[in-house]
Each structure stands twice: as structure tokens, then as C-alpha cells.
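Asks:
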Amino acid sequence: MLVAVLDSAMARSIQHSVTVITGASSGIGRATARELARRGSALVLASRRPLLLSDVAGECHELGAQAIAVPLDVADEHGLTALAHKAVETFGHLDVWFNNAGVGVVGRLEDIPAEAVHRGVEINLLSCVYGARACLPHFKHQGHGVLINHACLLAEDTPEHMSLYVMAKWGVRGFGAALRQEVASSGIHVCTLLSGPVDSSFYEHAANFTHRTLEAPVRRLDPEAVAQAVVRCIEHPKPEVTVRGGAGTPGLSRHRVEPDPGALFEPAPDGRLAPIA
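Under our numbering, the residue at position 121 of the sequence shown is numbered 123, and the numbers go up by one with no gaps.
1. Give the DSSP-derived three-state secondary structure of Gly145 in the structure shown.
2. Between the alpha carbons of Glu91 and Arg32, how many angstroms are there, rounded?
3. Which same chain residues end up closer than 6 Å to Pro261 when comparing Cβ atoms and leaving out the 5 residues on each side of it in sequence?
4. Among the residues of its own chain, which have a CB less than 7 Å from the CB of Leu54, if the five just before and after it don't count?
5. Taking 8 Å as the limit between beta carbons, can you name the residues of its chain near Glu64, skipping five residues before and five after?
6. Measuring only the C-alpha atoms, how far is Ala116 from Ile16?
7. Val220: buried (16+ other C-beta within 10 angstroms of its C-beta) or exposed?
8. Contact defined as beta carbons within less than 8 Å: I believe Asp201 pairs with Pro225. What is the distance between those atoms, to the nearest angstrom?
9. Identify whether Arg258 lies in helix, strand or coil by the three-state DSSP scheme.
10. Kindly list the residues whose CB is nearer than 7 Å to the CB of Gly25, restricted to its own chain and excluding five residues on each side of it in sequence; keep chain order.
11. What whole-angstrom Cβ distance do Gly253 and Glu206 have, given they're in contact under 8 Å?
12. Do three or more CB pairs link the stretch 65 to 72 to the stretch 37 to 45 at distances below 8 Å?
13. Where does Pro263 land, buried or exposed, given buried means 16+ other C-beta within 10 angstroms?
14. For the alpha helix (DSSP H) containing Thr24, list its first residue and its last residue.
15. Straight-line CA distance for Glu61 to Leu74?
16. What are the residues that DSSP puts in a beta bridge with Ile150?
17. Leaving out five residues on either side along the sequence, give the residues of the same chain with a beta carbon under 8 Å from the beta carbon of His163.
18. Output needed for Ile125: all residues of its chain with C-beta closer than 7 Å, excluding positions within five of it in sequence on either side, in chain order.
19. Could you tell me if Glu37 is buried or exposed, where buried requires 16 or more neighbouring beta carbons within 10 angstroms of its beta carbon?
20. Quickly, what does DSSP pair Leu47 with across the bridge? List them, please.
21. Let me know if Asp57 comes out buried or exposed under the rule of 16 or more other beta-carbons within 10 Å of its beta-carbon.
22. Beta-carbon separation of Ser203 and His152 under 9 Å?
23. Leu266 and Gly122 look like a contact to me (Cβ under 8 Å); what is the Cβ gap, rounded to whole Å?
24. To the nearest angstrom, how far is the alpha carbon of Ala35 from that of Ile23?
25. In its own chain, which residues sit with a C-beta less than 7 Å from the C-beta of Leu4, not counting the 5 before and 5 after it?
26. Alpha carbon to alpha carbon, how far is Ala227 from Lys88? Give it in angstroms, no decimals.
27. Kindly indicate which three-state DSSP category Ala209 falls into: helix, strand or coil?
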């Protein structure tokens, strides 16, 4: 009976929560938005692709949730600060912040242009710092909140051609561990999400400086599996939550191509979402 009461209380905490998700226009962000919408969380959705983002907000509305779409670049700290204020102004409070946005950067370090190095670090690491700085004042004012930073299992590995991306993800993990100590006993939880390769457009949109065609891992996780892990982070916050199931790192074909910045500096093409059955 006690377990049932506790489980019910956790469900209510999501139902009445307000959640910010970056990188919400596709993949894990979209899957998480849909899952939290089913559970009644109000959603503030952010990404660089306004049409896709609007479609995700529409899906959340169809699932019975309140949702707003806010196009922005996560490398813009002022934009993320404004995003947090927008969430509070719109819904009255802010309970969960999911730093999910990221972009792949593949290539030997000496082959990656300096501007791509800086941009990759901004999007994959500093955006988590900016997001934390945006939400923590609101969490501290309320006395509660859950910050989830999305790293990946590459933070446990060192694959060839991905030194810059791996560095960023190790940084996300270390940042979460240190920040967790800063907010200890405050009612604020800092969680690091570590996932394997996911079935999404991540590899298609990665910046590729290898001069070879990039091949995605054969075994990849369903984004819904990672979304379920995010739910677990919210309901039962832990320092780290790992989602395994995919395997491998991006491979390189023999086909030679010109270097391609992918979605590093400009978002991938916008468009309309394909419906999920």
C-alpha cells in the first residue's frame, strides 16, 4: 500500500510539472516531449528548427499537454536565460530542465578547423553550463528542481575520429558531478544521462571532417527508450542513469567526400514532421 502511495505521488509530480527541453525538434528531444506530454507535464520546447519544433508542440497539444515552442541556439547563453524566464512567466514555475541538444563532430583533431572546434565545444558542453546557469536561480528560489544533462556512453570510451566530441561528453559528465556537490541538500537534483547510439538523424547531421562518408552504428537505441530513462530521472533522480542497447561508434566508408560542417553552424533543413503511428 505504501509503495502504491509513493508511486502515485511521483506520477502527480510529473503531471503538475513544467519541463524545458532543448534539442526538442527530433530524436530524443521529440520522444521525451511526447512522453512527458502523455503524463501531463507542461512543456517549453527549444531548438533551431521552428517548423519541426512547432509540429512537436502540436503533438504535445494533441496528447493533452500545454506546450510552447521557442526557437533558439543553445550556444546563446542570453537566449537560454530568457528561455527559463519564459517558462516561469508562462506557467508560473520551472521544475525540470533537460539539456539535450548536441551535434556530432567527427574527424582527427588536426583536420577540424579552429572555428568548428570552438562551435562544437559551445554546443556539446558549454550549452549545458548555460542551461544550468539559466535554470538554477529558479530552482533555488523554489527549493526544488531536476537538471538533466545528456552525455552519452562515449563519455566512457575513446573512439577514433571523435576526440573533440568525446572531450565534450566527458566534460558534461564531470560538470554534472561537480555541480551536484554545489547543490547538495538544496532540494535540487543534477542527473547525467548516458545513452548508447540512438536511431535518429544525429549521424546524418554530424560535422564530418574525415574525408570519408560517415556510417551510423548498425545497432541503435529507440529514442523512446531514452525518453523513458528521462522519466525515471525525474521521478527518481539519481546522479547518473545509463541506457544501453545500441552498440558501436560511427564507421567510415571508403568513399571519399569533401569536409562537411553538417548542422554545426546552421541547423539541418527545417520541414514538417512525419507522423508516428
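Here a beta-carbon is modelled for each residue, glycine too, at the ideal position from N, C-alpha and C. Bear in mind the structure is a predicted one, so any value in this text is a computation, not a measurement.
Replies: Let me lay it out:
1. coil
2. 23 Å
3. Phe211
4. Ser27, Ser28, Asp272, Gly273 and Leu275
5. none
6. 42 Å
7. exposed
8. 7 Å
9. strand
10. Gly31, Ser49, Asn102, Ala103 and Gly104
11. About 14 Å separates the two Cβ atoms, so there is no contact after all.
12. yes
13. Answer is buried; the Cβ neighbour count reaches 16.
14. It is not in any alpha helix (DSSP H) - Thr24 instead sits in the beta strand (DSSP E) that spans Val20 to Thr24.
15. Cα to Cα, the separation comes out at about 20 Å.
16. Looking at the DSSP assignment, Ile150 forms a beta bridge with Phe100 and Cys193.
17. Val108, Gly109, Arg110, Thr212, Pro252 and Leu254
18. Around Ile125: Val76, Ala77, Ala103, Gly104 and Val105.
19. buried
20. Answer by DSSP bridge pairing, in chain order: Ile23 and Ala71.
21. buried
22. Between Ser203 and His152, the gap from beta carbon to beta carbon reaches 9 Å or more.
23. 7 Å
24. 7 Å
25. Low local confidence applies: a pLDDT of 30 at Leu4 is under 50, so the model's placement there is unreliable, with the coordinate-based value given in what follows. So the list is empty, once near-sequence residues are dropped.
26. Cα to Cα, Lys88 sits roughly 29 Å from Ala227.
27. strand
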